[in-house]
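Numbering (numbering that gives the first Met the number 0), first residue to last: 0 to 161. Note that the Cβ used here is the ideal one computed from N, Cα and C, for glycine as well. Written below as structure tokens is the structure these notes are about.
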Amino acid sequence: MCPEALVISGDFNLHLDDLRDSDTKKLEDLLETFNLSQYVSGPTHLSGQTLDLIITRSSDDIVLASPKTTFPISDHFIIQCPIGFSRPALSYKKLTFRKLKNIDIAAFSADIASSMLYPFDILDKFAPLKTRTIVNRPKVPWFHDVPLNNSGVNVVALKREP
Numbered sequence: 000m001c002p003e004a005l006v007i008s009g010d011f012n013l014h015l016d017d018l019r020d021s022d023t024k025k026l027e028d029l030l031e032t033f034n035l036s037q038y039v040s041g042p043t044h045l046s047g048q049t050l051d052l053i054i055t056r057s058s059d060d061i062v063l064a065s066p067k068t069t070f071p072i073s074d075h076f077i078i079q080c081p082i083g084f085s086r087p088a089l090s091y092k093k094l095t096f097r098k099l100k101n102i103d104i105a106a107f108s109a110d111i112a113s114s115m116l117y118p119f120d121i122l123d124k125f126a127p128l129k130t131r132t133i134v135n136r137p138k139v140p141w142f143h144d145v146p147l148n149n150s151g152v153n154v155v156a157l158k159r160e161p
């Protein structure tokens, strides 16, 4: 099992509030089989149905408060829910650079022409090495970064209908 926290959310188009619906029963069985918890209660659609869900592993303690529905966008309500993801630790790296664009070209050329020194000594005089520490942010993988061509996922199904 993947060690990272799992959050599945979206419009499931199942009437979760209708406990007699066979698809609702199948989803509840699936959630129980895989030890998943569903957090949304109450209507998420203008028709009064619960169609939009937030699902996590029951063992992942990341849902910090019960989801709340607010005003509708289209025929669905906005669902707000604080999720407690920990940020990865920041890593740092040092960059060493010279500000070459600030060099007085005429004076620099004259020094090189008249010098028998190592050329970097002159470069150090006009554009000394600088060091800066920057935050090395990890690249966050998003769904669109995953290649879909060999994954068995139907790409057409991923495109939203207007």
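When the Cα atoms are used, A106 and F96 turn out to be separated by approximately 21 Å. For L99, there is no enclosing alpha helix (DSSP H), as DSSP gives it neither H nor E.
In the structure shown, the three-state DSSP call for L128 is coil. Around Q48, the same chain offers H14, D16 and P42 as residues with beta carbons nearer than 7 Å, after the five sequence neighbours per side are excluded.
About 6 Å separates the beta carbons of I78 and D51, which is inside the 8 Å limit, making them a contact pair. Boundaries cannot be given for K138, as no beta strand (DSSP E) includes it and DSSP labels it neither H nor E. Under DSSP, S73 shares a beta bridge with no residue. The C-alpha of A88 lies about 48 Å from the C-alpha of S114.
Looking at the DSSP output, K92 bridges to I133.
A distance below 8 Å between beta-carbons, with the five flanking residues on each side excluded, links L30 to the following residues of its chain, in chain order: S36, Q37 and I54.
According to the DSSP assignment, S85 belongs to no beta strand (DSSP E), since it is labelled neither H nor E. Judged by DSSP in its simplified three-state form, T32 adopts helix. Judged by beta-carbon spacing, K92 lies beyond the 8 Å limit of N34, meaning their Cβ atoms are not closer than that value. In its chain, beyond the 5 residues on either side, A4, V6, T55, I82, G83 and F84 have a beta carbon closer than 8 Å to the beta carbon of I61.
The beta-carbon separation of L45 and D74, rounded to 5 Å, stays under the 8 Å limit for a contact.
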